[in-house]
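Colleague:
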Amino acid sequence: MPQITTVNPATGETLATYKAFTPQQVEAAVAEVHAAQPAWAALDIAERASRVKALGAAIRSRREELARLAVNEMGKPIGEALAEVDKCAWVCDYYAEHGPGFLADREVTTDAERSWVSYEPLGVVLAIMPWNFPYWQVLRFAAPTLLAGNTALLKHSPNVTGCALAIEQLVRDAGLPDGVLRTLVIAEDDVPATTASLLADDRVAAVTLTGSERAGSAVAAEAGRHIKKSLLELGGSDPFVVLDDADLDTVVAAAVKARFINSGQSCLAAKRFIVHEAVVAEFLDRYADAVDALTVGDPSDPGTNVGPLAREDLATALERQVTDSVAMGATVRSGGARLERPGAWFAPTVLADVDLDMPVMQQETFGPVAAVVAVRDDEQAAQVADATTYGLGASVWSADPNRALAVGKRITSGAMFVNAVVASDPRLPFGGTRRSGYGRELGEAGALEFTNARTYYVGAGTPAPGPATE
Ligand SMILES: O=CCCCC(=O)O
Numbered sequence: 001m002p003q004i005t006t007v008n009p010a011t012g013e014t015l016a017t018y019k020a021f022t023p024q025q026v027e028a029a030v031a032e033v034h035a036a037q038p039a040w041a042a043l044d045i046a047e048r049a050s051r052v053k054a055l056g057a058a059i060r061s062r063r064e065e066l067a068r069l070a071v072n073e074m075g076k077p078i079g080e081a082l083a084e085v086d087k088c089a090w091v092c093d094y095y096a097e098h099g100p101g102f103l104a105d106r107e108v109t110t111d112a113e114r115s116w117v118s119y120e121p122l123g124v125v126l127a128i129m130p131w132n133f134p135y136w137q138v139l140r141f142a143a144p145t146l147l148a149g150n151t152a153l154l155k156h157s158p159n160v161t162g163c164a165l166a167i168e169q170l171v172r173d174a175g176l177p178d179g180v181l182r183t184l185v186i187a188e189d190d191v192p193a194t195t196a197s198l199l200a201d202d203r204v205a206a207v208t209l210t211g212s213e214r215a216g217s218a219v220a221a222e223a224g225r226h227i228k229k230s231l232l233e234l235g236g237s238d239p240f241v242v243l244d245d246a247d248l249d250t251v252v253a254a255a256v257k258a259r260f261i262n263s264g265q266s267c268l269a270a271k272r273f274i275v276h277e278a279v280v281a282e283f284l285d286r287y288a289d290a291v292d293a294l295t296v297g298d299p300s301d302p303g304t305n306v307g308p309l310a311r312e313d314l315a316t317a318l319e320r321q322v323t324d325s326v327a328m329g330a331t332v333r334s335g336g337a338r339l340e341r342p343g344a345w346f347a348p349t350v351l352a353d354v355d356l357d358m359p360v361m362q363q364e365t366f367g368p369v370a371a372v373v374a375v376r377d378d379e380q381a382a383q384v385a386d387a388t389t390y391g392l393g394a395s396v397w398s399a400d401p402n403r404a405l406a407v408g409k410r411i412t413s414g415a416m417f418v419n420a421v422v423a424s425d426p427r428l429p430f431g432g433t434r435r436s437g438y439g440r441e442l443g444e445a446g447a448l449e450f451t452n453a454r455t456y457y458v459g460a461g462t463p464a465p466g467p468a469t470e
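Taking this note's numbering, I'd label the letters of the sequence shown as residues 1 to 470.
This is the structure:
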């Protein structure tokens with residue numbers, strides 16, 4: 001049987017080897033998760049909420065250990081790994097408290113004696129998840145989706161197999177019934193065929209995927225073939241627009257955070273910095289200095305700001321995007337190249353003199369690379385910000401929030417932030433438009449996403465219940 005070997009991207013050293021599931025093991029997991037769903041859904045929602053709350057507590061109780069596992073498997077700096085674990089516990093608490101209200105029946109006045117909408121689970125949901133936030137991406141799906149009475153099959157990225165198995169164990173430790181969530185360990189080469197057969201299986205009702213456009217398109221096509229619901233959370237090339245009245249102290253600090261979180265490997269990181277020409281020179285000087293001051297190094301050291309990329313192929317792809325853009329005329333203001341050390345390292349990079357047709361503007365850059373482009377006015381800022389196939393997040397910075405909003409409203413995105421770094425929040429819906437995907441996670445929308453909004457209608461002419469007449 002194929003094996004999965006996890007590698008520490010900071011050192012290139014092997015961490016662990018896992019046996020991939022046999023087809024029989026996959027079948028057993030599907031059968032278990034399918035069999036568990038009706039009983040789980042039949043529990044009172046308050047009971048399911050208390051189990052989701054317990055999941056949050058289980059996550060908190062293993063905070064350090066979980067964070068270290070993510071550091072080792074995908075190179076996330078430890079401070080960010082701890083914050084990710086905390087956010088997972090928060091999303092469990094949030095849905096345990098608010099989910100029952102979101103999922104409660106809603107009475108609707110019609111011609112009926114009584115009519116209402118009930119939010120009922122779809123069944124088994126397949127979750128295909130990425131390595132970049134190995135816990136958060138799973139928990140933000142799982143907390144509301146399980147609470148709604150669904151069960152889940154998790155197909156995680158092979159490079160974070162340890163994290164994937166830890167999540168399954170946490171669900172067990174928290175006392176959720178067996179089979180509410182199972183992790184499938186699938187070797188990379190077997191993923192397309194296994195996914196296709198899972199989506200063809202009548203026991204699987206829906207799929208959610210966070211990942212690349214290529215994977216999202218293939219999975220959604222397969223789900224569509226079988227008339228199954230899909231949710232796609234794909235890439236992004238978020239604009240960070242700086243107007244000429246913005247406070248540069250605030251903006252420069254925010255621009256560092258917005259681009260270099262998770263060593264630049266985030267769908268909703270700002271990637272294109274669109275700066276008014278009146279302030280672009282000063283912005284660039286200060287931004288390049290701030291980026292040069294970042295500590296790049298051992299991700300297990302609390303002082304580290306930027307760690308390695310999660311895999312060698314990611315570093316190679318990023319290097320190509322940078323060198324091709326430089327060949328087309330971009331100027332390197334910071335970094336600009338791989339770092340010569342074992343592992344998948346790329347220097348925090350700022351590129352100036354960027355044009356719209358360069359790879360760093362046309363494609364998603366999944367690593368620590370910021371592209372800065374100058375614009376002459378608000379009109380051009382909005383146009384350049386919107387000149388992308390993506391539509392995940394966007395931020396606009398100005399001393400005048402109304403001016404920023406006027407620009408922001410002309411940009412297509414799932415989230416528009418003014419004078420704040422784009423970030424997901426359990427209380428607010430999260431998701432994309434255009435090639436960033438569709439569907440919403442988090443907030444009330446996330447609680448309802450994998451439910452059947454079922455209409456109940458009891459006609460006005462319904463005879464009152466009473467003894468049967470002959
Ligand atoms: O790649 C996507 C990252 C999403 C991170 C978040 O939800 O905060």
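Where is the CB? At the ideal position from N, CA and C, for every residue including glycine.
1) Should residue 227 be labelled buried (16 or more other beta-carbon atoms within 10 Å of its own) or exposed?
2) Measuring only the C-alpha atoms, how far is residue 15 from residue 6?
3) Taking only three categories from DSSP, how would you classify residue 208?
4) Identify the continuous beta strand (DSSP E) that holds residue 126 and give its terminal residues.
5) Once DSSP output is grouped into helix, strand and coil, what is the label at residue 175?
6) Going by the C-beta, is residue 137 closer than 8 Å to any heavy atom of ligand 1?
7) Using DSSP bridges, identify the partner residues of residue 87.
8) Quick one, which of 248, 266, 257 has its alpha-carbon nearest residue 278's?
9) Let me make sure I understand the geometry here. Which of 134, 335, 334, 95 has the alpha-carbon closest to that of residue 441?
10) Since residue 319 and residue 344 should fall inside the 8 Å C-beta cutoff, what is the C-beta to C-beta distance between them, to a whole number of angstroms?
11) Since residue 471 and residue 459 are thought to touch, with beta carbons under 8 Å apart, how far apart are those beta carbons, to the nearest angstrom?
12) Can you give the Cα-Cα distance for residue 93 and residue 256, rounded to whole angstroms?
13) With 16 other CB atoms within 10 Å as the buried threshold, where does residue 348 fall?
14) Please go through the same chain and pick out, in chain order, the residues whose beta-carbon is closer than 7 Å to the beta-carbon of residue 410, but skip the five residues on each side of it.
15) Could you round the C-beta distance between residue 270 and residue 238 to whole angstroms and report it? I think they count as a contact, below 8 Å.
16) My assumption, with CB atoms under 8 Å, is that residue 154 sits in contact with residue 167. Please give the rounded CB distance.
17) Would you give the residue range spanned by the alpha helix (DSSP H) that residue 401 belongs to?
18) What are the start and end residues of the beta strand (DSSP E) that includes residue 456?
19) Below 8 Å on the Cβ atoms is my contact criterion, and I expect residue 156 with residue 164 to pass it. Report the Cβ-Cβ distance as a whole number of Å.
20) Per DSSP, what are the beta-bridge partners of residue 53 in this structure?
21) Spatial neighbours of residue 83 within its chain, please: C-beta separation below 6 Å, excluding the five flanking residues on both sides.
22) Can you look up residue 376 in the DSSP assignment and give me helix, strand or coil?
23) For residue 100 versus residue 147, is the C-beta distance shorter than 9 Å?
24) Can you tell me which of 79, 187, 150, 209 puts its alpha carbon nearest to the alpha carbon of residue 138?
25) Which runs of the beta strand (DSSP E) fall wholly inside the region 218 to 262 and span at least 3 residues, in chain order?
26) How far does the alpha helix (DSSP H) with residue 40 in it extend, from its first residue to its last?
27) Let me check you understand the geometry: is the CB of residue 140 closer than 8 Å to at least one non-hydrogen atom of ligand 1?
28) In its own chain, which residues sit with a C-beta less than 6 Å from the C-beta of residue 55, not counting the 5 before and 5 after it?
29) Please give me, in chain order, every unbroken run of the alpha helix (DSSP H) with length at least 4 that falls completely inside the region 134 to 164.
30) Which parts of the region 286 to 339 are runs of the alpha helix (DSSP H), unbroken and 4 residues or longer, counting only runs that do not cross its ends?
31) Since residue 18 and residue 70 should fall inside the 8 Å C-beta cutoff, what is the C-beta to C-beta distance between them, to a whole number of angstroms?
32) Just checking residue 267 against ligand 1 - is the residue's beta carbon closer than 8 Å to any of the ligand's heavy atoms?
33) Taking all protein chains shown into account, do 16 or more other C-beta atoms lie within 10 angstroms of the C-beta of residue 1, making it buried, or fewer, making it exposed?
34) Pull up the distance between the alpha-carbon of residue 125 and that of residue 457, whole angstroms please.
35) If you count every other CB in all the chains shown that lies within 10 Å of the CB of residue 378, and 16 or more means buried, which is it?
36) Determine the direct distance from the alpha carbon of residue 184 to that of residue 31, and round the result to whole angstroms.
Modeller: Let me spell this out:
1) That one is exposed.
2) Straight across, the Cα-Cα distance linking residue 15 with residue 6 is about 5 Å.
3) DSSP places residue 208 in strand when its eight states are reduced to three.
4) Start and end: 124 to 128.
5) Coil.
6) Flag set: Cβ of residue 137 near ligand 1.
7) Residue 87 pairs with nothing; no bridge assigned.
8) When each option's Cα is compared against that of residue 278, the closest is 248.
9) Cα-wise, what sits closest to residue 441 is 95.
10) The Cβ separation is near 10 Å, so there is no contact.
11) The shown model of the chain, from 1 to 470, leaves out residue 471, and the question about it has no answer.
12) Straight-line Cα distance between these residues: approximately 30 Å.
13) Residue 348 is buried by the Cβ-count criterion.
14) Same-chain partners within the cutoff: 382, 386.
15) Yes, they are in contact, since the Cβ atoms of residue 270 and residue 238 sit about 5 Å apart, within 8 Å.
16) In this structure residue 154 is in contact with residue 167, their Cβ atoms being roughly 7 Å apart against a cut-off of 8 Å.
17) Where residue 401 is concerned, the enclosing alpha helix (DSSP H) starts and stops at 401 to 408.
18) If you look at residue 456, you'll find it in the beta strand (DSSP E) that goes 451 to 458.
19) Correct: roughly 4 Å between the Cβ atoms.
20) Per DSSP, none; premise fails for residue 53.
21) Within the same chain, residue 83 has no close Cβ partners at all.
22) Here residue 376 carries a coil assignment [DSSP, helix/strand/coil].
23) Contact: yes.
24) If we check each option's Cα against that of residue 138, 209 comes out closest.
25) Runs found: 229 to 233, 238 to 242.
26) From DSSP, the alpha helix (DSSP H) with residue 40 extends over 23 to 42.
27) Correct: residue 140 has its Cβ closer than 8 Å to ligand 1.
28) Closer than 6 Å at the Cβ level, and outside the excluded window around residue 55, lie 92, 174.
29) Here the runs fully enclosed are 136 to 147.
30) Secondary structure in the region 286 to 339: the alpha helix (DSSP H) runs of 4 residues or longer, each lying completely within the stretch, are 312 to 327 in chain order.
31) Incorrect: roughly 16 Å between the Cβ atoms, too far for contact.
32) Because some heavy atom of ligand 1 lies under 8 Å away, the Cβ of residue 267 counts as near it: yes.
33) By the neighbour-count criterion, in which a residue is buried when 16 or more other Cβ atoms sit within 10 angstroms of its Cβ, residue 1 is exposed.
34) Rounded to whole angstroms, residue 125 to residue 457 spans 28 Å at the Cα level.
35) Burial call: buried.
36) One C-alpha to the other measures close to 12 Å.
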